[in-house]
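Numbering (our numbering), first residue to last: 47 to 517.
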Amino acid sequence: MRDDPDTGHRLRLRHADLCVTGGTVLTPGGRKACDVVCLGGRVVALDAAGWTADTIIDATGLHVLPGVIDSQVHFREPGLVHKETFEAGTRGAVLGGVTAVFEMPNTNPLTLTAADLQAKLDRARGRAWCDYAFYIGGSAVNAERLGDLERLPGCAGVKVFMGSSFGDLLADDEDVLRRIVRHGTRRMAVHAEDEARLRERKALAQARGDVREHPVWRDVASALTATQRIVRLAGEAGRRLHILHVSTAEEMAFLAGHKRRVSVEVTPHHLTLAAPECYERLGSLAQMNPPVREPCHRDALWQAVRDGVVDVLGSDHAPHTLQEKALPYPQSPSGMTGVQTLLPIMLDHVHAGRLTLERLVDLTSAGPARIFGLAGKGRIAVGYDADLTLVDLGARREITNRWIASVAGWTPYDGWHVTGWPIATVVRGHVAMQHDTMTGQAMGNPLAFQEAAFPPGDGGFRSSTRTGRPS
């Protein structure tokens, strides 16, 4: 009980689990100086008057963002745990301010069946520091079952590799792609590189043995041809697409004409690094598929961010060990860590004036929730999950390999100084990280999605909720 300062009457206080007070909150209505009251894993009020709480975070001087969602990570488990584990990957996510991740199917075994998906869900239980979902790989061996598989609890949808994959996960045949896009209704994520062209041109990389040739081998045409192809096939079937890690100016110009059906992802490394400088400085640590390209492509990606063509940011966190990366090019594998540095790198871009904080929130919270139909995620509002990322926009920090939680233990941004830093990460009302220190226990849950019907030729959808956890 306490006295109401206006009336003098005695008030009965309600009890919350967590109150975040004194911060500037990024709400759907704009920036507001308000509190965030959390109870039972959800936001219950944006005013702490009349509330007490078990935990109070003083966010004075901080900005409170909706929890960051990284919709493209490779955590390598099962089968490749010498590179990454689910525990270490989600710990890195939380240290970087990320509250939810979508994990990719190119593990060992591949994620192609209901049993494969369940095995990953079982592994994640009790070990995930943030919320999570897993993609099912789209393949010739499961194409006709994808409509059922994509609706399984804990499934983020279907992921198709048109290039840069192997075995049953590689889907480069047009008949196979047509079968895949015709089975299912959810938005389908695609790695778009033309495998036939990559095979034809690999001799260039082998002959020269120079990682600076990576964007020459995997050239603009290899990306654009694949993107145009899958958009055409999906258009025939009325299927919505999500084109991952778009890296070229030509793709962005093409995709700008297909926004009614196709969403677009870019990555921090394609927005930040540029060839040939990054290869000269980092060697194969800068090697990714699709590759980091010349500054003109980076400039085009930023223009697409400003124009609204880009819908989400994903890290494409894809770790390999330093020993693997030290192999001679092109035997060196493509991939870098990224989930932990996504937010610090992008906050530094905010500081530099390349995008607003509101646009960053749209790309990392509201955008993923909208594009993928996430239930209860993506905004700070009453009734939504209490996922919060508290940031200090003025904090000047150094990114180092020592800070990286990944089993791989390195980042291409080692030694970079950035302005803007995640100070605390709250996952469904639980404080998971504060001041670079993990707190509490790993309490991540499978994400819940909205089922979406999308008939061929129909640009709209009807939705109903399907959850991967209790609501």
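Where is the CB? At the ideal position from N, CA and C, for every residue including glycine.
Legend entry - histidine 476 versus glutamate 133: straight-line alpha-carbon distance, rounded: The residue given as residue 476 occupies position 430 in the sequence shown. The residue given as residue 133 occupies position 87 in the sequence shown. Cα to Cα, the separation comes out at about 17 Å.
Legend entry - Extent of the continuous alpha helix (DSSP H) run through serine 330: For the purposes of this step, residue 330 is identified with residue 284 of the sequence shown, where counting begins at 1. Neither: serine 330 is in no alpha helix (DSSP H) and is coded neither H nor E.
Legend entry - Coil, strand or helix - phenylalanine 418 by DSSP: Residue numbering aside, residue 418 sits at position 372 when the sequence shown is read from its first letter. Looking at phenylalanine 418 - three-state DSSP - the assignment turns out to be helix.
Legend entry - Sheet register partners of cysteine 176 (DSSP bridge): Locating residue 176 in the sequence shown gives position 130, counting from the first residue. Looking at the DSSP assignment, cysteine 176 forms no beta bridge with any residue, so it has no partner.
Inset, instruction - With a cut-off of 8 Å on the beta carbons, I'd call threonine 136 and glycine 360 a contact; round off their distance for me. - result: As a working mapping, residue 136 is identified with position 90 in the sequence shown. As a working mapping, residue 360 is identified with position 314 in the sequence shown. Between glycine 360 and threonine 136 the Cβ distance is about 15 Å, and since that is not below 8 Å, they are no contact.
Inset, instruction - Leaving aside the five residues before and after valine 204 along the sequence, list all residues of the same chain whose C-beta is less than 8 Å from its C-beta, in chain order. - result: Translated into positions along the sequence shown, residue 204 becomes position 158. So the qualifying residues of the chain are Tyr181, Ile182, Gly183, Gly184, Leu192, Leu195, Glu196, Ile226, Gly230, Arg232, Met234, Ala235.
Legend entry - N-terminal and C-terminal residue of the beta strand (DSSP E) that aspartate 104 is part of: To locate residue 104, count along the sequence shown from 1; it is residue 58. 97-104 is the span of the beta strand (DSSP E), which, as asked, contains aspartate 104.
Inset, instruction - Starting from aspartate 168, follow the alpha helix (DSSP H) in both directions and report where the run begins and ends. - result: The residue given as residue 168 occupies position 122 in the sequence shown. Where aspartate 168 is concerned, the enclosing alpha helix (DSSP H) stretches over 160-170.
Inset, instruction - Could you check the C-alpha separation between tryptophan 153 and glutamate 123 for me, to the nearest Å? - result: Position 107 of the sequence shown, counting from 1, holds the residue named residue 153. Position 77 of the sequence shown, counting from 1, holds the residue named residue 123. Note that residue 153 corresponds to threonine in the displayed sequence, not to tryptophan. Approximately 6 Å between the Cα atoms of the pair.
Inset, instruction - May I ask which residues mark the beginning and end of the beta strand (DSSP E) holding lysine 205? - result: Here residue 205 refers to the residue found at position 159 of the sequence shown. Taken as a continuous stretch (DSSP letters only), the beta strand (DSSP E) holding lysine 205 covers 201-207.
Inset, instruction - Could you say which of Leu388, Leu389, Ala295, Pro390 lies nearest to alanine 350 if we only look at CA atoms? - result: Reading the sequence shown from its first residue, position 304 is the one you call residue 350. Selected option, being the one with the closest Cα: Ala295.
Inset, instruction - Just mark alanine 170 as buried or exposed, buried being the case when its beta carbon has 16 or more other beta carbons within 10 Å. - result: Taking the first residue of the sequence shown as 1, we reach residue 170 at position 124. With 16 or more other Cβ atoms within 10 Å, it is buried.
Legend entry - Pairwise C-alpha distance: glycine 143 and arginine 448: For this step, residue 448 is matched to residue 402 along the sequence shown. For this step, residue 143 is matched to residue 97 along the sequence shown. Their backbone Cα atoms lie some 17 Å apart in a straight line.
Legend entry - Cβ-based neighbour list, histidine 61, same chain, cut-off 6 Å, excluding 5 preceding and 5 following: Indexing the sequence shown from 1 puts residue 61 at position 15. Closer than 6 Å at Cβ, skipping near neighbours: Thr98.
Legend entry - leucine 223 (DSSP reduced to helix, strand or coil): Here the question's residue 223 lines up with position 177 in the sequence shown. Leucine 223: helix per DSSP, three-state reduction.
Legend entry - Inter-residue CB distance, alanine 432 and glycine 87 (contact presumed, cutoff 8 Å): Your numbering for residue 432 matches position 386 in the sequence shown. Your numbering for residue 87 matches position 41 in the sequence shown. With a Cβ gap of about 6 Å, alanine 432 and glycine 87 count as contacting.
Inset, instruction - Check whether the Cβ atoms of aspartate 460 and isoleucine 417 sit closer than 7 Å, and answer yes or no. - result: Translated into positions along the sequence shown, residue 460 becomes position 414. Translated into positions along the sequence shown, residue 417 becomes position 371. Contact: no.
Legend entry - Own chain partners of glutamate 370 with C-beta closer than 6 Å, once the 5 adjacent residues on each side are dropped: Within the sequence shown, the letter at position 324 stands for residue 370. Pro379, listed in sequence order.
Legend entry - Cβ-based neighbour list, glutamate 297, same chain, cut-off 7 Å, excluding 5 preceding and 5 following: In the sequence shown, the residue the question calls residue 297 occupies position 251. Result list for glutamate 297: Ala269, Leu270, Thr273, in chain order.
Inset, instruction - Given a cut-off of 7 Å, decide if leucine 393 and glycine 440 are closer than it, judged by their beta-carbon atoms. - result: Reading the sequence shown from its first residue, position 394 is the one you call residue 440. Reading the sequence shown from its first residue, position 347 is the one you call residue 393. Against a cut-off of 7 Å, the Cβ pair of leucine 393 and glycine 440 comes out as no contact.
Inset, instruction - Would you tell me roughly how many angstroms separate the C-alpha atoms of arginine 442 and valine 464, rounded to the nearest one? - result: Within the sequence shown, residue 442 is the residue found at index 396, counting from 1. Within the sequence shown, residue 464 is the residue found at index 418, counting from 1. Between arginine 442 and valine 464, the C-alpha separation is close to 6 Å.
Legend entry - Residues near arginine 307 by beta carbon distance below 6 Å, same chain, minus five either side: Counting from 1 along the sequence shown, the entry for residue 307 is found at position 261. These residues qualify, in order along the chain: Arg286.
Legend entry - Euclidean distance between Cα positions of valine 82 and lysine 305: Here residue 82 is taken as the residue at index 36 of the sequence shown, counted from 1. Here residue 305 is taken as the residue at index 259 of the sequence shown, counted from 1. Taking the straight line from one Cα to the other gives about 35 Å.
Legend entry - Backbone secondary structure at lysine 86 - three-state DSSP: To locate residue 86, count along the sequence shown from 1; it is residue 40. Inspection of the sequence shows that residue 86 is occupied by glycine rather than by lysine. Coil, per DSSP.
Inset, instruction - Below 8 Å CB to CB, which residues in the same chain sit around valine 187 once its five sequence neighbours on both sides are set aside? - result: Counted from its first residue, the sequence shown places residue 187 at position 141. Excluding sequence neighbours, valine 187 sits near Leu158, Asp214.
Inset, instruction - Report yes if the CB atom of glutamate 130 is closer than 7 Å to the CB atom of proline 390, and no otherwise. - result: Your numbering for residue 130 matches position 84 in the sequence shown. Your numbering for residue 390 matches position 344 in the sequence shown. No. Outside cutoff.
Inset, instruction - Label leucine 406 either buried or exposed according to how many other C-beta atoms from any shown protein chain fall within 10 Å of its C-beta, with 16 as the threshold for buried. - result: Position 360 of the sequence shown, counting from 1, holds the residue named residue 406. Classification of leucine 406: buried, given that the 10 Å Cβ count is 16 or more.
Legend entry - Minimum length 4: unbroken alpha helix (DSSP H) runs contained in the segment 443-491: none
Inset, instruction - Please confirm whether any heavy atom of the ligand NAD lies closer than 6 Å to the CB of aspartate 81. - result: Here there are no bound small molecules, and the ligand NAD is not part of this structure.
Inset, instruction - Find the nearest neighbour of glutamine 333 within the set Ile276, Thr457, Gly419, judged by alpha-carbon distance. - result: Sequence index remark: in the sequence shown, residue 333 carries index 287 (1-based). Nearest of Ile276, Thr457, Gly419 to glutamine 333, Cα basis: Thr457.
Legend entry - Contact under 7 Å by Cβ, proline 414 with serine 211: As a working mapping, residue 414 is identified with position 368 in the sequence shown. As a working mapping, residue 211 is identified with position 165 in the sequence shown. No. Outside cutoff.
Inset, instruction - My understanding is that leucine 301 touches valine 310, with C-beta atoms under 8 Å, so please give their C-beta distance in whole angstroms. - result: If you number the sequence shown from 1, residue 301 lands on position 255. If you number the sequence shown from 1, residue 310 lands on position 264. Right, the Cβ-Cβ distance comes to about 5 Å (below 8 Å), so this counts as a contact.
Legend entry - DSSP three-state assignment for proline 502, whether helix, strand or coil: Here residue 502 is taken as the residue at index 456 of the sequence shown, counted from 1. Note that proline 502 scores 38 on pLDDT, short of 50, meaning its location in the model is unreliable; the coordinates nonetheless yield the value given after this. Three-state DSSP puts proline 502 in coil, outside helix and strand.
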